[in-house]
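Novice: What follows is a structure written as structure tokens; I'll ask about it next.
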Amino acid sequence: MVIKNYEIGARLDRLPVSKWHRKLLWLIGLGLIIDGFDNYIGGVILAQLTKIGWSNDYYNAAFSSVTLAGLFVGSLLAGFLGDKFGRKTTYQINLLIFGIGSIIAAFSVNMVMLIGIRAIIGVGLGAEIVVGFSTFTEFLPSKTRGKWVSMLSLIGNSAPPVATLIGLIIIPAFGPTYGWRAMFLIAGIAAFVVWFLRKAMPESPRWLATKGRTDEAHKIVTDVEHEIEAEMKFSLPPVDDVYQEEEEQVKIPFSTLFKKPLLLRTIVGISVLIGMNISLYTITTWIPTLFVKRGISVTTSIFMTTLILFGAPVGVFIATKVIDKFPRKWFGTIMLVLIAIFSVIYAIQTNPITIVIFGFALISFLYIYVCFASAVYVPELWPTEIRLRGAGFCTAIGRGFAILTPYGVAFLLSKFGEISVFLTIAVIMLVVAVILASLGIETRNKSAEEIAYDALSKKDAKELFANKVNANTPEI
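See the structure below:
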């Protein structure tokens, strides 16, 4: 029932951010940390397996390829399952997939078995990001949605240093034979712990309302309202009684992503995530190699890379402070232009000090954009009924380009040199900036229902929005 859907959304939008929202932040955030941990331990584990003779370059490439393939499949599956069976069901399933898979991986008898299990783990890893960010988006009030989703991104992006630190402790402690197995066990056990903690999480009321399960949605929102009123010690403002009327459920099939009015959103979503994935994987993966090609020693290269990559958490932290202060599409456009400019500036540096300074700035801008694109903007683009399918499809296509990117980088390096890699990134970022600026929609300070308005064709839905969801919502 569309109007009931708007009622649930309006009630959620008027809630102040509370302990309840922070609890949700950490329950979803812990899943993202484990997801990132399981993803990033791959490099550490491959180095160890190569050292003990378990693996070689061929197996390492296969391990990496099946991980990316799993991420691709997981992104797509998460979209379909999340929109059909619910957010809670889907993120519990994906936790089980990479939790059980990680534990089985710890007992692998050979590299072929480990590669096969890694493909299954990848499916779970690919689903977590899509479900996590999209689900959190549906619980948040529109005015602070960008800030709090950015904070979720900050928590999730703490995984790489956590994985590295644990690896530095665990692998030497357990030795080359059992250290990598212990890393997989840690990921698997942690996934089960979070799975049990998440059992208490509610289903998304917005999703329930779109499925006609309005009584369940009403109960969840009512319980949250009572909890917040008890915490804040004041009564929440009433919801406009325009929502008392009922209407037939609006259903949005997957094919709607490729038709007006959602087609332009699909193009924008794919574009911003292709730009994100190409720049992210190229810059972060190839920085050490490019240093060595410039004659910098491996040890110095690793040290400089570490300094530069500190720009990642700094960038995401900055995003939490500024992302709700500027119009979304123009914020993203400016970040794309800055990444393009600093890619070129970084590429022509020869002094180690300026390399680190401009590299740090480049990574900071890149991760502000990562937060904007994958955590905030793309999940916001879609009506609740198709949110996970939209975000999942765009994420999968973006990751598909990431699979092909290493081959393109290798070609450019061999034919034209390292500066051509960064010039290509700059051109891609500028193309995406033009697409976002010309086709992107504005989502800042708009409720999930208002953003979805153009996807609704019902006459009564149009009349409903003419009356406004609340006085603070901008006119469409």
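Under the numbering used here, the final residue of the sequence shown carries the number 1055; numbering is consecutive throughout.
C-beta atoms are modelled at their ideal positions from N, C-alpha and C, and glycine is treated no differently.
Please classify T723: does DSSP put it in a helix, a strand, or coil?
Specialist: helix
Novice: So, with DSSP's three-state summary, where would you put E1021?
Specialist: coil
Novice: Assign F937 to buried or exposed, taking buried as 16 or more other Cβ atoms, counted over all protein chains shown, within 10 Å of its Cβ.
Specialist: buried
Novice: Could you say which of T714, E997, A742 and K630 lies nearest to G874 if we only look at CA atoms?
Specialist: E997
Novice: Could you tell me if P958 is buried or exposed, where buried requires 16 or more neighbouring beta carbons within 10 angstroms of its beta carbon?
Specialist: buried
Novice: With H, G and I counted as helix, E and B as strand and the rest as coil, what does DSSP make of M690?
Specialist: DSSP, reduced to helix, strand and coil, places M690 within a helical segment of the structure shown.
Novice: Alpha helix (DSSP H) containing P739: first to last residue?
Specialist: A738 to R777
Novice: From G767 to D794, what does the alpha carbon distance come to, in whole angstroms?
Specialist: 36 Å
Novice: Going by DSSP, what residue range makes up the alpha helix (DSSP H) through N639?
Specialist: D636 to F664
Novice: According to the neighbour-count rule (16 or more other Cβ atoms, all chains shown, within 10 Å of its Cβ), is R601 buried or exposed?
Specialist: Exposed.
Novice: Helix, strand or coil for G996 per DSSP?
Specialist: coil
Novice: Grab me the residues of Y638's own chain with a C-beta within less than 6 Å of its C-beta, minus the 5 sequence neighbours each way, in chain order.
Specialist: M690
Novice: DSSP on F889, reduced to helix/strand/coil?
Specialist: Note: F889 maps to coil in three-state DSSP.
Novice: Would DSSP call L991 helix, strand or coil?
Specialist: helix
Novice: Could you tell me whether the stretch 701 to 712 touches the stretch 665 to 677, where touching means 3 or more Cβ pairs closer than 8 Å?
Specialist: Yes, since at least three Cβ pairs between the stretch 701 to 712 and the stretch 665 to 677 fall closer than 8 Å, the two stretches touch.
Novice: Figure out for me which residue from F995, L656 and L1002 has the closest Cα to the Cα of I976.
Specialist: L656
Novice: Could you tell me the distance, in whole angstroms, from the CA atom of Y925 to the CA atom of D802?
Specialist: 52 Å
Novice: Would the stretch 620 to 632 and the stretch 592 to 612 be scored as touching if the rule is three or more Cβ pairs under 8 Å?
Specialist: no
Novice: Could you check if D636 is buried or exposed, using at least 16 other CB atoms within 10 Å of its CB as the buried criterion?
Specialist: exposed
Novice: Take I676 as the anchor and find which of D614, W865, A970 and V923 has the nearest alpha-carbon.
Specialist: D614
Novice: What residue range is occupied by the uninterrupted alpha helix (DSSP H) comprising E1029?
Specialist: Judged by DSSP secondary structure, E1029 falls within the alpha helix (DSSP H) whose first and last residues are A1027 to I1030.
Novice: For R963 and K830, what's the separation of their Cα atoms in angstroms?
Specialist: This sequence places Thr at residue 963; Arg is not what is there. Between T963 and K830, the C-alpha separation is close to 10 Å.
Novice: With a Cβ-Cβ cutoff of 8 Å, do F651 and G705 count as a contact?
Specialist: yes
Novice: In three-state DSSP terms, what is R1057?
Specialist: The question about residue 1057 has no answer here: the residues shown for the chain are numbered 580 through 1055.
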